[in-house]
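Just below is one structure, and these are the notes that go with it.
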Ligand code: HEC
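Numbering (this note's numbering), first residue to last: 1 to 329.
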C-alpha cells in the first residue's frame with residue numbers, strides 16, 4: 001500500500017475517531033446533510049398518482065431466492081400509522097407495523113408500494129431480482145470467508161487503523177465480515193436489507209468492487225469517501241457479485257444502531273481533537289497509544305501529560321521515512 005493511501009486512511013480515521021468521541025454534533029459536515037434516499041429517487045408515483053408522502057430509500061430493490069425469505073421494513077419520512085399496500089401481491093405483500101410496514105417478497109418482478117394516510121399518499125417502485133440457492137450460497141461464502149480482509153502486523157489488533165502500518169496487509173479477496181455486522185473484528189458496520197434497499201443491484205456491485213456510492217448517498221461512518229474508496233474496492237468474481245446481492249438482500253432485518261468500532265479512540269486525557277489536527281493522540285480500544293511507523297505526528301506520545309512532547313513516546317518516530325510529500329499522491 002502506498003504512503004498516500006496510508007496517509008488518507010490515517011487522516012480519515014483520525015477524523016472518524018474524533019467524531020466518534022465528540023459525538024455526531026458537527027453541523028458543518030456536509031455529508032451528514034445529504035438526502036436520505038441513496039438512489040436519489042423521490043416518492044413520485046410512476047403512474048402519476050398525486051401524493052407527497054416519502055417512502056424512505058425509494059425506489060426500492062430486493063431479491064427473491066427460494067428458501068431464503070426476503071423481508072424489508074420500510075418507513076415514511078416523518079409519518080407513522082400510514083396504511084401500506086402493494087399493487088402486485090404476487091410479487092410482494094405488505095404488513096403494517098407501528099413504524100411503517102414490512103414488505104415480504106413473493107417472487108421476482110416489480111410492484112408499486114403505496115403508503116396512505118387520511119389526507120395524503122406516496123408510492124415507491126419495488127424491483128425484485130431472482131437468484132438461485134447456489135448463488136446465495138456462493139455469496140454467503142464470499143461474505144464470511146476465513147481469510148481476513150485486514151491482515152495486521154504481528155501483535156496488532158485487526159482494525160482499519162492497522163492498515164496504516166506498512167507491515168500490515170489488505171487482502172482484497174478477504175472476508176466482508178472482517179468489518180461488517182456485529183460479529184466483525186472491526187468497525188461492525190451493518191448492511192441490512194433496509195439500509196441497502198435504495199441501492200440497485202448495479203449500485204451494490206459498484207459499492208463493493210469500486211468503493212463508490214451513488215452520488216446522493218450518505219456516508220454512514222465518518223470515514224471520508226475518498227479514504228473509503230481506497231480500501232473498499234474488493235476482489236469479487238462475477239458469480240460472487242450475484243451471490244453477494246442475493247445474500248445481503250435476504251438477511252434478517254435488524255435495527256442499525258450507531259455501533260461503529262473504529263478500533264481507535266482518543267487517548268484518555270488527550271485534548272479534544274481539532275479538525276485537521278494531525279497531532280491527535282490515538283489509542284487502541286485498550287487505551288494503548290497507537291503509533292504509525294513512517295507517519296509524522298501520529299500517536300506515539302504520552303497523552304496523559306498533555307501530549308505535547310512526541311519524543312517521550314516509544315515510537316522511534318522515523319519522521320522523514322514516510323514523508324507524504326515525497327509520495328506525490
Ligand atoms: C475493511 C473493512 C470492510 C470490508 C472488509 C468490507 N467493507 Fe463494506 N463497508 C465498510 C465501511 C467502513 C462502510 C461504510 C461506508 C459508509 O460510511 O457509509 C462499508 C459499506 C458497505 C456497504 C454500503 C452500506 C450502506 O448502508 O451504504 C455495502 C453494501 C458493503 N459495504 C458491502 C461490502 C461487501 C459485500 C464486502 C465484501 C466483498 C465488504 N463490504 C467488505 C468497510 C468494509
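Built from N, CA and C at the ideal position, the CB exists for glycine as well.
In this structure, the CA atom of residue 58 is about 44 Å from the CA atom of residue 288. Going by C-alpha positions, residue 77 is about 37 Å away from residue 145.
In this structure, residue 155 keeps its C-beta atom at 8 Å or more from the C-beta atom of residue 128. Sequence-distant partners of residue 73 (beyond 5 residues in either direction) whose C-beta falls short of 6 Å from its own C-beta, in its chain, are 102, 194 and 253. Under the DSSP assignment, residue 205 falls in the alpha helix (DSSP H) whose first and last residues are 201-210.
With a minimum length of 4 residues, there is no unbroken run of alpha helix (DSSP H) contained wholly in the region 156-196. The beta carbon of residue 212 sits closer than 7 Å to those of 206 and 229, all from its chain and outside the five residues before and after it, given in chain order. For the ligand HEC, no non-hydrogen atom lies closer than 7 Å to the CB of residue 249.
Within the model, the alpha-carbon separation for residue 201 versus residue 245 is close to 7 Å.
Residue 141: member of the alpha helix (DSSP H) spanning 133-143, first to last residue. If you draw a 10 Å sphere on the C-beta of residue 286, you find fewer than 16 other C-beta atoms in it, and that means exposed. In this structure the region 229-242 touches the region 166-184; the number of beta carbon pairs closer than 8 Å is three or more. Take the alpha-carbon of residue 176 and the one of residue 262: they are about 16 Å apart. In this structure, the alpha-carbon of residue 134 lies about 34 Å from that of residue 223.
Cβ-Cβ distances below 7 Å link residue 91 to 106, 107, 109, 110, 111 and 128 in the same chain, with the five nearest sequence neighbours on each side left out; the list follows chain order. Per DSSP, reduced to three states, the secondary structure at residue 109 is strand. In the displayed model, residue 243 falls within a helix according to three-state DSSP. When the five nearest sequence neighbours on each side are left out, the beta carbons in the same chain lying within less than 7 Å of the beta carbon of residue 66 are those of 133, in order along the chain. In terms of Cα proximity to residue 82, the closest of 70, 94, 62 and 115 is 115.
Here the C-alpha atom of residue 150 lies approximately 10 Å from the C-alpha atom of residue 161. Distance from the CA atom of residue 266 to the CA atom of residue 167, rounded to whole angstroms, is 23 Å.
Taking the Cβ of residue 236 as the reference point, at least one heavy atom of the ligand HEC falls within a distance shorter than 7 Å. The three-state secondary structure of residue 289, taken from DSSP, is strand. Going by C-alpha positions, residue 123 is about 47 Å away from residue 282. Straight-line measurement puts the Cα of residue 153 at about 47 Å from the Cα of residue 54.
Rounded to whole angstroms, the Cβ separation of residue 247 and residue 140 is 5 Å, and the two are in contact under 8 Å.
By the criterion of a C-beta distance shorter than 8 Å, residue 99 is surrounded in its chain by 73, 75 and 80, once the five residues flanking it on both sides are discounted. For residue 217, the distance from the CB to the nearest heavy atom of the ligand HEC is below 7 Å. The three-state secondary structure of residue 225, taken from DSSP, is helix.
Using a Cβ distance threshold of 8 Å, residue 148 and residue 104 do not count as a contacting pair.
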